[in-house]
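To start, the structure itself, in structure tokens.
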Amino acid sequence: MKKRIFRGASFILLALSIPAIGWGLKEDNDITNSPIQTELAQSSIITENLSAKESFEGFITQLYDSIGLENASLDFSVFKKALTGYYNLKSDFKVSADKQIISIVDFTKPSTEKRLWIIDLASRKLLFHTLVAHGRGSGGLMADNFSNTSESHQSSLGFYVTDDTYIGKHGLSLRLQGLDKGYNTNAKARAIVVHGADYVSQSFVNQNGYLGRSHGCPAVPVELTNDIIKTIKGKTAMFLYSAPKTYESNFLDFDIAANNFMSANQSFATL
């Protein structure tokens, strides 16, 4: 576990009791269902002589370490960006107040690696860590090209909010609403959805040397599809990431997110 030391400031973590809710890490062969009953407000940073940015950075670091995300190969910088966006989305009331869940895809990793993480921030649990496809127009082993254009068959970067479900040619599917103008706001028009696909499997990787590709959708393993969709549906956040030079977003304003974080936790502390 990486040690991140904050010098010249006193940092106090108030760990409120969080009831166990039966969620465990759901790998490809371990699926259980439980209702999500806790809220992110049950974990609060109390700060003394710390700026909002230092407090937020400390919270993100502590959360990253407590969930064990380094062992799950999620880069800290990607998690930090995802949490920054999450708090900005939360302050704009764009995500659910009842389901403190974020899905993160890191397209800097090859398709042969598990590069989708679904995290319950309230219970501090990694719920899913699995394979996810990129669009065939984005590349082969690596996703190098991204587009917001119809018929490009490329993946679109940025922040999304999950929408409603439907039954389509891939079975149960989940619509996505893209929130980053110029990057993913045509998601609905392009029918970019979460769905299952046979080509998202270790057996496909073993036979071909890379994962199968979609028409731009973040397709997931068939055996996990229903559980993933049931978990993340209903206005939860999703972040599709690639190299910084290819993507910019107002949701990645760390200063604003830090202030939003402080305001939320100070309000909770006064209850």
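Residue numbers 14 to 284, in the working numbering, belong to the letters of the sequence shown in order.
Even for Gly, the Cβ is constructed at its ideal location relative to N, Cα and C.
Are the CB atoms of residue i and residue j nearer to each other than 8 Å?
i    : j    : result
A85  : I115 : no
S255 : G98  : no
A156 : H142 : no
V7   : L224 : Given that the chain is displayed from residue 14 to residue 284, the structure contains no residue 7 and the question cannot be resolved.
K248 : S109 : yes
T125 : L154 : yes
K107 : L187 : no
Between residue i and residue j, how many whole angstroms is the CB-CB distance? I'm expecting something under 8 Å.
i    : j    : result
C230 : V206 : 6 Å
I80  : R137 : 5 Å
D177 : L189 : Between L189 and D177 the Cβ distance is about 10 Å, and since that is not below 8 Å, they are no contact.
V145 : L134 : Going by Cβ atoms, the distance from V145 to L134 rounds to 20 Å, so no, they are not a contact pair.
In the DSSP assignment, find the unbroken beta strand (DSSP E) run with residue i in it and report its ends.
i    : result
V174 : G171 to G181
M251 : A250 to Y254
F264 : Per DSSP, F264 belongs to no beta strand (DSSP E) and is neither H nor E.
G184 : G184 to G191
F3   : Absent from the model: residue 3. The displayed extent of the chain is 14 to 284, so no value can be given.
S116 : I114 to D119
I131 : L129 to D133
What residues in its chain sit with their C-beta under 7 Å from that of residue i, if we drop five residues either side in the sequence?
i    : result
S163 : N199, A202 and R203
T244 : I114, I131 and L140
A270 : F69, T97, Y100 and N101
F159 : S151, Q167, S168, S169, L170, S255 and T259
F267 : K66 and T97
D211 : V235
N197 : N161, S169, L170, G171, Y173 and G191
N272 : A65
L185 : T178, T238, N239 and I242
L265 : K94, T97 and G98
S276 : none
D105 : none
In its own chain, which residues sit with a C-beta less than 6 Å from the C-beta of residue i, not counting the 5 before and 5 after it?
i    : result
T45  : Low per-residue confidence applies at T45: pLDDT is 43, beneath 50, and the placement is therefore not dependable, though the value from the model is reported in the following sentence. Same-chain partners within the cutoff: there are none.
S165 : G150
M251 : S116 and Y173
F274 : F69 and Y100
L53  : Unreliable placement is indicated for L53, whose pLDDT of 41 sits below 50; the coordinate value is still reported in the next sentence. Result list for L53: Q113, L134 and A135, in chain order.
S227 : A146 and G148
K127 : H142, T143 and L144
K103 : none
K93  : I73
Just curious, the alpha helix (DSSP H) that residue i is in, first and last residue?
i    : result
G71  : A65 to I80
Q220 : Q215 to N221
V91  : F89 to S104
I242 : V235 to I245
Less than 8 Å between C-beta atoms, sequence neighbours within five positions excluded: which residues of the same chain meet that for residue i?
i    : result
G181 : V206 and H208
Given 7 Å as the limit, tell me if residue i has its C-beta closer than that to any heavy atom belonging to the ligand HEM.
i    : result
D268 : Ligands are entirely absent from the displayed structure, and the ligand HEM is therefore not among its contents.
Fill in: Given 8 Å, three or more beta-carbon pairs between the region 72-88 and the region 121-131
Counting Cβ pairs under 8 Å, three or more are found: they touch.
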